[in-house]
Each structure stands twice: as structure tokens, then as C-alpha cells.
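In this text, residue positions in the sequence shown follow our numbering: the first is 751, and each later residue adds one.
Just below is one structure, and these are the notes that go with it.
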Amino acid sequence: MAATTRQREQWSSQTGFILAAIGSAVGLGNIWRFPGVAYENGGGAFLIPYLFALLTAGIPILFLDYAIGHRFRGTAPLAFRRLHKNTEVVGWFQIILSFVISVYYAAVIAWALSYFVFSFDLRWAPDSLNFFVGDYLQVGDPEISTQIVSGVAIPLVVVWVAILVTLALGVAKGVEKANMIFLPLLVVAFIGLVIRAVTLPGAADGLNALFTPDWSELFNPAVWIAAYAQIFFSLSIAFGIMITYSSYQRRKANMTSSGLVVGFANSSFEILAGIGVFATLGFLAWDQSTTVGELEGLSGPILSFVTFPAVIAEMPGGSFFGLVFFASLVMAGFTSIISILQGVSGAVQDKFGFGVRQSAVGVSLVCAVISIALFSTTSGLIALDTVDQWANNIGIVLSAIVMTVLLVWVLRRGEELRFHLNAVSTFKIGRWWILLIGVLAPLLLGYMLLQRIITLLT
Ligand code: PHE
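The following block contains the structure:
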């Protein structure tokens, strides 16, 4: 119980909290996931389900996370235990999801860090695909598959040390400071990239490919599911992370207004990334005398580590573009992964009464060892892909359903949380909020979960 009597850590300002929450939301998902998802799901028309998902589920569930963390002043497990003695397990489930995600998320940041260095001499040219899976990751080489691939292990160690140090410095001096530095830098770097991208030859074709609406897609349920999935991952909701972050807010803090700022800032960044990525792809198509529709590898790791490097090698001033692009990936990823691990480390503090430093060191070391063991061997890489599929596609949706149904229907605490938010915030929420989180969100998420289980099992 020592933990609950000790003074809880706090953000040093409301701006610090908002920046950290935006830092968590804006991550790899914004840069490599959104553009491809939008393109494949109706282009410009995708913005309609996307905005609908943001308003009906994203922001309302973000408010719910905020309400739980702020009212019960704990990381997910402690907050849920204070809500009801039997619901602590929901919090731990979210912590496990965070843990799984952190292990692979760190690896991707490490890859980006390597590619930052490779940008100096464009080491991946002339064949970026062969370089990535062959020379760099050494996938499929039976000799090496169980040995340490040193090219990945070293940047991974660097990333984990940076995470450990940031967490050990505490919420205000570590996490908040890191966001104060990296988030403005990221915005400037990214705007620079987008300006360069839209002035490349072929950029307009890329933007047309992304934004030309295919209205018929609006009648396709898969497109709506994709929109909800994107919003969830992108806003970092239902991972317990926003519960943790809001537990460090002062008692009098404008919660709902902050949520609106975070939600809209994240989506703006996402759309900006879409413009940057597709303008660049338009250039690639122009360079290869083809169309964007004919290109492959438009999202995920392949976009960042194969397609983009290929473009960078072709473009005038490519090295510089590469440096800024990979630095942006590292910064966006870093401010997200520290939020994930702060959730885990904070939970250990709340549960066992460890101090900030002890728990930061302990959690980072355990996660680092697992992440390095898995990601510097190629066999681990494949195993993790399966785990990630389940955590990301099933786990997170399940977590959101359990959380909303539990609060609104089983424990019937929705109104209490609504009053709590309204008592501290300037943007007041009406009963529509309960309807959204209690009825619409669980129905849509339930449908989504079924669909996904069916696809994964077949
Ligand atoms: N929101 C982050 C992104 O868009 C990812 C993330 C997920 C961060 C879950 C924290 C928790 O990349």
C-alpha cells in the first residue's frame, strides 16, 4: 500500500499533459498506417467513415479513459481496482497488450534509427527490398536465423537505454520533457518533408490517387471497420495508456477540452502524413513512368523501409530527405513508446510500491531483453508477427468492449464519470456520451471483433 500513500507524480502543466498525450497518439501508425489504409478504403471517401469513427468512438472513448484515470487516480490496474474490487484484471489485460506492442514497436524505432544512419550514404541502393530483408534483417537465412543480427541489436540497445533513462527521470522531468523537445521538432521536420514532397514532379498524381473519392466504398462494411481500427490504434485508446497519463493530471484539469485538442491534432497530423506520403509516391510513379495504382508496398514497414528508401535514392537531395524522414519516424515512435512503457512501469509502481527509478529500470530491462532476444533473430520476428496480430486486431477491440460495457451496463458508473468530467472541464458533455460509449461503440466493436476472429481463423 506504500504506493497509494506516496505523493503521486504530476505533469508540470496542462500543456505538458496535452503534448504528452499528442506525443503518444502521433506515432508510427500515423505515418505508415493511415495513408495506405485511406488509399485502400475509398480514398477521399474514407474521410467520412474516418471522421465518423473519430467523433462517435475515438473521442468518446478517449474521454472515458481520461475520466477513469483522473477520477480514480491510478494506472489502469489500480484505477480499475478502485472502480470495483473485481475489475483490476481488466487493467492488467491492457498492460499486457501494451507490453506486447512495446516489444515490436521498439524494434521498428531501432530500424528507423539504423536507416537514419544509412541515409548518409544511401546504403540500401540500388535494391532497397533486398537490402532490407536480406542484408539488414537477414530473413530466411537458416544459418543466421538463430544468431544475433548485430545490425539490429545495437540500435535496439540504444533505443531501450533512451527509454529507460526517460522513464527513470519521472513523469515531469522525463516523459514530459521528452515530449516538449521532440514534438515541436517533429512538427517542423514533418512540415518540411511535406513541402518538399508536394513540390516534387508527379506529386499531384499521388494526391489525386489518395483523395479521389470512391463513393461506392461507403456501402462496404469493411471500410467502416478499417476506419474504427485506425482511430483506435492511432489515438492510443483502450490500452490503459490514457488512463495512466490522466492519472498524473492535477485534480482541477480541463479534461474534455484537452481530449478535443488531442483528437483533432492527431487526425490533422495523420492527414498531413497522408499528403506527404502520397505526394512522394506520386513522384516514384512519375520516375518509373507508371501510375500510383501500379506501385506496391504502400503501407506498413515495407512503405518505410523499402518503398521510401527506393524513392529517396532517386530524388534530388535524397540523403537529406532520408535523414529528416527517418528522424521523424524515430521521434514520432519514441514519444509513443515511452507512453506505452510509462503505463507498464506506473502499474508496477502502483501495485508493488516500487519507486519511479526502480520500476523504470526493472520494466525497461525486462522488456528490452525480450525485445532484443526476439528481434535480433529472424525466427523471433516471425513468431512475433502472429502475437501482434492477436494483440492489435483482437486484444484492443476486446479491451474496448469490456471497458465500455463494464462501466455503462455492469457497474452503471457512466453518469458518475460524466459528472466528474463536467465538474472539471469547460467543454460539457451531455447524455449522448453515455449512448455513444454504452450502445453504439460496443455494437460496432462487437461486429468488428467477430469479423476479425473469423478472418484470423480462416
Ligand atoms: N498511437 C500510436 C501510433 O499511432 C501507437 C500507440 C498505440 C501508442 C498504443 C501507444 C499505445 O502509432
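Glycine included, C-beta positions come from ideal geometry on N, C-alpha and C.
Keep in mind that this is a model prediction, so the values were computed, not measured.
Query                                                                                                         : Result
Residue burial classification, Phe767 (beta-carbon count within 10 angstroms, cutoff 16)                      : buried
Whole alpha helix (DSSP H) elements within the segment 1056-1108, 4-residue minimum                           : 1058-1064, 1068-1102
Proximity test, Asn929 beta-carbon vs ligand 1 heavy atom, cut-off 7 Å                                        : no
Pairwise C-alpha distance: Phe849 and Thr994                                                                  : 14 Å
Meets three-Cβ-pair contact criterion under 8 Å: the segment 870-877 and the segment 1013-1021                : no
Start-to-end residues for the alpha helix (DSSP H) that takes in Pro810                                       : 809-822
Best match in Ile904, Phe813, Val925 for proximity to Ser763 [C-alpha to C-alpha]                             : Val925
Option in Leu950, Phe1076, Arg832, Leu1186 with minimal Cα separation from Gly1032                            : Leu950
Which of helix, strand or coil DSSP assigns to Arg1168                                                        : helix
Under 8 Å between C-beta atoms of Ile1087 and Ser852                                                          : yes
Beta carbon of Val1147 nearer than 8 Å to that of Phe866                                                      : no
Whether Ile1062 touches Phe1055 by CB criterion (8 Å)                                                         : no
Any non-hydrogen atom of ligand 1 closer than 7 Å to Phe940 Cβ                                                : no
Contact belief for Gln999 with His820 at Cβ below 8 Å, rounded distance in angstroms                          : 6 Å
Segment contact flag, the segment 900-907 with the segment 852-861, C-beta cutoff 8 Å, min 3 pairs            : yes
Cβ-Cβ distance between Phe784 and Val973 below 8 Å                                                            : no
Cβ neighbour criterion (16 or more within 10 Å) applied to Trp965                                             : exposed
Whole-angstrom distance between Leu917 and Met751, CA atom to CA atom                                         : Note that Met751 has pLDDT 42, beneath the 50 cutoff, so the model's placement of it is unreliable and the number below is only indicative. Those two C-alpha atoms are separated by around 22 Å.
Status (buried if at least 16 other CB within 10 Å, exposed otherwise) for Val911                             : exposed
Proximal residues to Val1137 (C-beta, below 8 Å), its chain only, five neighbours per side dropped            : Val850
Three-state secondary structure assigned by DSSP to Pro799                                                    : helix
Cα-Cα separation, Ala988 to Pro1066                                                                           : 43 Å
Own chain residues within Cβ distance below 7 Å of Leu935, not counting five before or after                  : Met1081
Where Met751 sits in the DSSP three-state scheme                                                              : Here the model assigns Met751 a pLDDT of 42, short of 50, so the residue's position is not dependable, and the following value carries that caveat. Of the three classes helix, strand and coil, the one that applies to Met751 here is coil, per DSSP.
Within 8 Å, strictly: CB atoms of Ile1184 and Arg1168                                                         : yes
heavy atom of ligand 1 below 7 Å from Phe983 C-beta                                                           : yes
Any non-hydrogen atom of ligand 1 closer than 7 Å to Ile1090 Cβ                                               : yes
Extent of the continuous alpha helix (DSSP H) run through Val889                                              : Run containing Val889: none; DSSP gives neither H nor E here.
Heavy atom of ligand 1 within 7 Å of Asn780 beta-carbon                                                       : yes
Whole-angstrom C-beta distance between Ala953 and Ala947, which should lie under 8 Å                          : 6 Å
Residues near Ile781 by beta carbon distance below 8 Å, same chain, minus five either side                    : Ala1023, Val1027, Ser1054, Ser1078, Leu1079, Ala1082
Straight-line Cα distance separating Ser1069 from Phe1075                                                     : 10 Å
Heavy atom of ligand 1 within 7 Å of Gly777 beta-carbon                                                       : yes
Among Ile845, Tyr816, Thr765, nearest to Asp1100 - alpha-carbon criterion                                     : Ile845
Outcome for Ala753 when other beta-carbon atoms lying within 10 angstroms are tallied against a minimum of 16 : With a pLDDT of only 46 at Ala753, under the threshold of 50, the placement of this residue in the model should not be trusted; the figure read from the coordinates follows. By the neighbour-count rule (16 or more Cβ atoms within 10 Å), Ala753 is buried.
Leu703 (DSSP reduced to helix, strand or coil)                                                                : Here the chain comprises residues numbered 751 to 1208, so residue 703 is not present and cannot be evaluated.
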